[in-house]
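Residue numbers (the working numbering): 524 to 720.
Beneath this line is the structure, given in structure tokens, with notes to follow.
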């Protein structure tokens, strides 16, 4: 017995369903809507990433100011230990506790070089607040750092400036740092740059 497939027909005898032309029109309309709304969605996402970067900088600035209250000065851009070779430690290690990374701070060995196996696992530990989502140079699984501190040429240039020209850390746009650890935050003076005149 052979069965025949029959199209269902309405009362007028026409086939029920979409024609190819109607389907193409619907696809074209959906494509047009997607083309209109995708850039808007991408802009919203980019804006959210920029806001996250700003929030990260705010958190770092707050950590710097908390560290300043604890130490009595802002952190130096880097700390050199004289007890051995390669005893440089980043400014980030100074504010780990204030960034709610006290566990890392306790595990970090300041008496050993930064690349010592005891510290190697810690320095590659990602800390979200130190990385801007907009930073395309970030590598997964590394201790990336988007926000950096420029200590200047030589890093330990003695800076001494009178109280009349010292910057108020709470009114500056960029978080200030004490370049040489003496507790003084000064505006840039060309005499402090070893490369000038």
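Even for Gly, the Cβ is constructed at its ideal location relative to N, Cα and C.
A quick note: this is a predicted structure, and the numbers were derived from the prediction, not measured.
Spatial neighbours of residue i in its chain, beta-carbon cut-off 6 Å, leaving aside the 5 residues before and after
| i | result |
| --- | --- |
| residue 619 | 627 and 628 |
| residue 694 | A caution first: residue 694 carries a pLDDT of 46, below 50, which makes its placement in the model unreliable, though a value can still be read off. Hits under 6 Å: none found. |
| residue 661 | 654 and 667 |
| residue 658 | 669 |
Residue i to residue j span [Cα, whole Å]
| i | j | result |
| --- | --- | --- |
| residue 692 | residue 568 | Only weak support is given to the placement of residue 692: the predicted model assigns it a pLDDT of 47, under 50, and the value that follows is read from those uncertain coordinates. So the alpha carbons of these two residues sit roughly 32 Å apart. |
| residue 566 | residue 560 | 10 Å |
| residue 590 | residue 614 | 11 Å |
| residue 646 | residue 611 | 13 Å |
| residue 630 | residue 638 | 14 Å |
| residue 546 | residue 558 | 18 Å |
| residue 554 | residue 577 | 35 Å |
| residue 583 | residue 598 | 12 Å |
| residue 644 | residue 588 | 28 Å |
| residue 649 | residue 579 | 14 Å |
| residue 548 | residue 540 | 15 Å |
| residue 562 | residue 570 | 12 Å |
| residue 593 | residue 564 | 43 Å |
| residue 676 | residue 600 | Low local confidence applies: a pLDDT of 46 at residue 676 is under 50, so the model's placement there is unreliable, and no value is given. |
Own chain partners of residue i with C-beta closer than 8 Å, once the 5 adjacent residues on each side are dropped
| i | result |
| --- | --- |
| residue 641 | 632 and 635 |
| residue 616 | 602, 628, 631 and 633 |
| residue 551 | none |
Distance CB(residue i)-CB(residue j) smaller than 7 Å
| i | j | result |
| --- | --- | --- |
| residue 622 | residue 574 | no |
| residue 656 | residue 581 | no |
Candidates the options, of which the one nearest residue i by Cα
| i | options | result |
| --- | --- | --- |
| residue 625 | 586, 541, 542 and 564 | 586 |
Residues of its chain near residue i, where Cβ-Cβ distance is below 7 Å and the 5 sequence neighbours each way are ignored
| i | result |
| --- | --- |
| residue 556 | none |
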